[in-house]
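Q:
In full-length UniProt numbering, the protein residues as written are 1 to 100.
1) On the DSSP letters alone, give me the boundaries of the alpha helix (DSSP H) that residue 33 sits inside.
2) State yes or no: is the C-beta of residue 73 within less than 7 Å of the C-beta of residue 82?
3) List the endpoints of the continuous alpha helix (DSSP H) containing residue 16.
4) Taking C-beta to C-beta, are residue 43 and residue 29 nearer than 7 Å?
5) Can you look up residue 41 in the DSSP assignment and give me helix, strand or coil?
6) Applying the 10 Å Cβ sphere with the 16-neighbour rule, what's the burial state of residue 1?
7) Quick check on this structure: which residue in 56, 46, 38 and 85 has the alpha carbon closest to the alpha carbon of residue 24?
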């Protein structure tokens with residue numbers, strides 16, 4: 001520890017600097033690191049960050065919801081009226097501002 005104007009400050013390690021520079025989406029990772037008082041080498045930190053990132057991506061992919069119910073236009077399930085393929089086919093030759 002270094003003494004700076006009669007206060008004790010811990011030296012920042014490269015791992016600490018990297019953790020502080022992470023985006024907000026890594027806040028749970030930072031919190032877990034600090035709560036468990038883990039000590040990682042740079043290589044271990046990289047591996048853990050990559051694992052956390054893949055978990056975040058899986059969570060985002062799983063949270064994308066597909067429409068439930070049926071389309072009010074064609075009565076088929078799997079899309080909503082605004083995304084109906086029948087409307088897109090019908091309006092293919094009509095300029096966008098004139099399509100109803």
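Even for Gly, the Cβ is constructed at its ideal location relative to N, Cα and C.
A: Reading from the atomic positions:
1) 27–35
2) no
3) 14–21
4) no
5) coil
6) Below a pLDDT of 50, predicted positions are generally treated as unreliable, and residue 1, at 48, falls in that range; no measurement from the model is reported.
7) 56
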